[in-house]
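Novice:
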Amino acid sequence: MAFVAPQLHFVACVNDVAQARAHLLRSPCFASPKPAPLLLVQGAHSAADGLSWALGRMGPQPNTWVVQLHQDVYLPAPDWPLRFAVALAEALQADPNLAVAGVYGVDARGQHQGHVYDRDRWLGQPFTHAPAVRSLDELLLAVRADCCTGPNPLALNPNLGWHLYGTDLALHAAARGLNTRVLHAPVEHHSTLARDAAVEPETLAAFEASARRLRQCWPQALPVVTPMGLIAADSPAAAPLTAQPHVQAAAPALATAPTTPTAAAPVAAPSPIPPWSQRLQGLDYRWLLPAIGALPPALRQRAMQARGAFNARHDRDWVSLALGHTHIAPQSAAGYGLFNPAEQVADLVRQRFETVAREEVECRLLARRGLSHFQVDAADALARLAQRPRDRGLVLVTAHLDTFVIAIAALAATGEVVHPVMSSISADPRLHPAVREHFAAKYEGLQRHLNGGQLADAETQMRHFYKALARKEIVVVIADAPAPATPGGATADGLWLPWLGAQRLFAQGALRLALRCGAALGAFVCDSTAPGKHRVHLSPLQIQDPNELLQKNEHSALTHWAQTPYFMLQQHILAQPGRWWAAHLLPFFASRPL
């Protein structure tokens, strides 16, 4: 039976008529002599008002859909409604249970689906199928009118206000056995908020309130993927790490986590590392790593993956090997489980070890062959860095994500003097000599790329970093660590920030350093895009003098000041969670609901 193209009725809630005229109403399909049916709703209290008013005017007509748009969306072709209707009919033919559709969303794996022009760039690629998704971006969503009646109608939840209603609608559809898909019907989104710009505190508070209500409405569906990140359940309480005396007594300095976390996820009990695995360290780090680095790129990639998979299977992280028992793998599994579906955790742990295996080889290649050996796309990051204020220093935070050492070298390549904060843990005598030699070679190689900057130990040489910032230079801090616990179990001072599904308490060393020196603050990451190829991203720099905020005693403003850099780090981790090789720290953050 042939499908007739559905009838479309458009609705938009408007609070800025000028913006609607500049974008939505300028769309050819609405500006033509015979415009598509469009209802503009002013004075709405939530997005739910727009949908309910549109349905009230049209009634439950068969084969009819309500398309709700943002006022800043532009439909680029006169026949866009027909194109969308045809794509909808084709999707319905393949999936009669389709009830909700959009142009951009997130699937069950957390991968973004769709093809739209967002502010200054295209997101996604053209596609021919209509992928199933778990959540839709609210810039445009369509609902089947005949599914909005009956004893359990589809509807937008007015309690969510103006955020996350695309996620709620998809969850509601799934609960009824109905499906949500993304269609190929590109639109333009012209948000007034610049990409990566700091979000206003009021908007952030409203989003967090919507997230709390979504958690309350759908506890059985958590964790929930959304276009803005993942909303997870509360971290379940667990015994502190000190309840495992063989872990605590073995090497507290190498545990790389607080010894008495105030909120933790369950961690599998460790088991002893086999003696053969420990004896292989000399062969592995002294011979295998250089040998892999000497291979042609294609073979090198396969060898790094194979080494990483082998290490994941036997928990052959250098910390676990030093302790003599499994440590990193079970804690990484616990960390990934806090913001990913359980069925993905084992694969993410494997990816984590593969990323570390690649990072170890690439750092040695940087030391031996230099930055020119890699293809590094850092043009946008360097252009943004060039605009930094020259009357103060700059603190850049990053995470244990991909090969951040390459990004440090690239940022210094323009003549910036860069001082990375390092830890003396790599010189711990409990590490195998071959592992200590590896770190010495890695740091020596990076040192040659710092343009006169210096790697220094955070525990004993903090004065060096204060002097560097006083000279208006750059200090890099690896900042994805929890606030430490004080002796008595109380949590030390830290910085509460939204992080991977909850508010988590961060160590505030980077913030304190920037505050005391009046420095600007930013974040960077380095994505591996292909073997030997990397792209460096730099967040917008927070250039407001933080000391002004301190004088006003505005702790919430300080938190807001730090949110943009950490938000960027979080988004890159959510995009490639298996490449975040500090997931083992996540169970040891103090946490509270969003």
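Just so we're aligned, residue 15 is where the sequence shown starts under this note's numbering, counting upward by one.
A virtual CB, placed ideally from N, CA and C, is assigned to each residue, including glycine.
Pick helix, strand or coil for A253, following the three-state DSSP scheme.
Specialist: In this prediction, A253 has a pLDDT of 24, which is less than 50 and means its spatial position is unreliable; what the coordinates show is noted afterwards. Coil, per DSSP.
Novice: For the segment 412–420 against the segment 363–383, are there 3 or more C-beta pairs whose distance is under 8 Å?
Specialist: The segment 412–420 is in contact with the segment 363–383.
Novice: Could you round the C-beta distance between H126 and H198 to whole angstroms and report it? I think they count as a contact, below 8 Å.
Specialist: No, H126 and H198 are not in contact; Cβ-Cβ is about 14 Å, not under 8 Å.
Novice: Would you report the Cα separation of N166 and G546, rounded to the nearest angstrom?
Specialist: Each residue's Cα considered, the two are about 53 Å apart.
Novice: When we look at the beta-carbon of P76 and count the other beta-carbons within 10 Å, is it buried (16 or more) or exposed?
Specialist: Answer is exposed; the Cβ neighbour count stays below 16.
Novice: Taking a contact to mean a Cβ-Cβ separation below 8 Å, would you say A497 touches G515 in this structure?
Specialist: No. Outside cutoff.
Novice: Using the Cβ count rule (16 or more neighbours within 10 Å means buried), how would you classify P289?
Specialist: With fewer than 16 other Cβ atoms within 10 Å, it is exposed.
Novice: Just list the residues that DSSP pairs E202 with in beta bridges.
Specialist: In the DSSP output, where bridge partners are listed per residue, E202 has Y88, Y131.
Novice: Taking the Cβ atom as the reference point for each residue, do L362 and P215 lie within a distance shorter than 8 Å?
Specialist: Not a contact, by the Cβ cut-off of 8 Å.
Novice: Does DSSP classify T412 as helix, strand or coil?
Specialist: T412 falls in the strand class under three-state DSSP.
Novice: Sort out for me which residues DSSP pairs R398 with in a bridge.
Specialist: The partner list for R398 (beta bridge, DSSP) is empty, contrary to what the question assumes.
Novice: Can you tell me whether R406 is helix, strand or coil according to DSSP?
Specialist: Looking at R406 - three-state DSSP - the assignment turns out to be coil, as it is neither helix nor strand.
Novice: Does the segment 137–145 come into contact with the segment 222–241, if we say contact requires no fewer than three beta-carbon pairs (one atom in each stretch) closer than 8 Å?
Specialist: At 8 Å Cβ cutoff, the stretches do not touch.
Novice: Could you check what DSSP says for S7 in three-state terms: helix, strand or coil?
Specialist: This structure cannot settle anything about residue 7, because the visible part of the chain is limited to 15 through 608.
Novice: Pick helix, strand or coil for Q258, following the three-state DSSP scheme.
Specialist: Confidence is the limiting factor: at Q258 the pLDDT is only 24, short of 50, which leaves the residue's position unreliable, though a coordinate-based value still follows. Reduced to three states, the DSSP call for Q258 is coil.
Novice: If distances are taken between C-alpha atoms only, which option among E357, S60, D30 comes closest to V87?
Specialist: Of the listed residues, the one whose Cα sits closest to V87 is D30.
Novice: Would you check if the distance between the CB atom of A184 and the CB atom of L150 is smaller than 8 Å?
Specialist: Contact flag set, yes.
Novice: CB A105 to CB R195, shorter than 8 Å?
Specialist: Cβ atoms of A105 and R195: closer than 8 Å.
Novice: Which parts of the segment 49–125 are runs of the alpha helix (DSSP H), unbroken and 4 residues or longer, counting only runs that do not cross its ends?
Specialist: As far as the segment 49–125 is concerned, its whole alpha helix (DSSP H) runs of at least 4 residues are 61–72, 94–108.
Novice: The ligand COA heavy atoms versus the CB of P42: any closer than 7 Å?
Specialist: For the structure depicted, the ligand COA is absent and the ligand set is empty, with no information on it obtainable.
Novice: Please tell me whether E451 and A381 are closer than 8 Å, where the distance is taken between their beta carbons.
Specialist: Against a cut-off of 8 Å, the Cβ pair of A381 and E451 comes out as no contact.
Novice: Helix, strand or coil: which one does DSSP assign to G502?
Specialist: Here G502 scores only 43 on pLDDT, less than 50, and its place in the model should not be relied on; the value that follows carries that caveat. In this structure, G502 counts as coil in the three-state DSSP scheme.
Novice: For L102 and A68, what's the separation of their Cα atoms in angstroms?
Specialist: Approximately 19 Å between the Cα atoms of the pair.
Novice: Using the C-alpha atoms, what's the distance from A589 back to Q365?
Specialist: Whole-angstrom Cα-Cα distance: 13 Å.
Novice: In chain order, what residues of the same chain have a beta carbon less than 7 Å from the beta carbon of H186, not counting five sequence neighbours either side?
Specialist: Answer for H186: L168, listed in chain order.
Novice: What number of angstroms, rounded off, separates the C-alpha of V114 from the C-alpha of R158?
Specialist: Spanning the two alpha carbons is a distance of roughly 6 Å.
Novice: Using CA coordinates, which residue listed in I422, D442, S440 is at the minimum distance from P434?
Specialist: Closest option to P434, Cα to Cα, is I422.
Novice: Among the candidates Q522, P304, F324, A326, whose CA atom is the shortest distance from the CA of A472?
Specialist: Nearest of Q522, P304, F324, A326 to A472, Cα basis: Q522.
Novice: With which residues is W136 paired in a DSSP beta bridge?
Specialist: W136 is bridged to Y131.
Novice: Can you round the beta-carbon distance between A1 and V390 to whole angstroms, since I take them to be within the 8 Å contact cut?
Specialist: Nothing about residue 1 can be reported from this structure: the residues present for the chain run from 15 to 608 only.
Novice: Spatial neighbours of P607 within its chain, please: CB distance less than 8 Å, with the 5 preceding and 5 following residues excluded, ordered by chain position.
Specialist: Closer than 8 Å at Cβ, skipping near neighbours: R226, R229, D248, A516, Q517.
Novice: Could you compute how far the alpha carbon of Q584 sits from the alpha carbon of Q107?
Specialist: Looking at the two C-alpha atoms, the distance is approximately 38 Å.
Novice: How long is the line joining the alpha carbons of V333 and A454, rounded to whole angstroms?
Specialist: So the two alpha carbons sit approximately 16 Å from each other.
Novice: Applying the 10 Å Cβ sphere with the 16-neighbour rule, what's the burial state of P286?
Specialist: It counts as exposed.
Novice: Would E373 be called buried (16 or more neighbouring beta carbons within 10 Å of its own) or exposed?
Specialist: Per the 10 Å Cβ criterion, buried.
Novice: For F685, which residues in the same chain have their Cβ closer than 8 Å to its Cβ, ignoring the five residues on either side in sequence?
Specialist: Shown here, the chain extends from 15 to 608; a query on residue 685 therefore has no answer.
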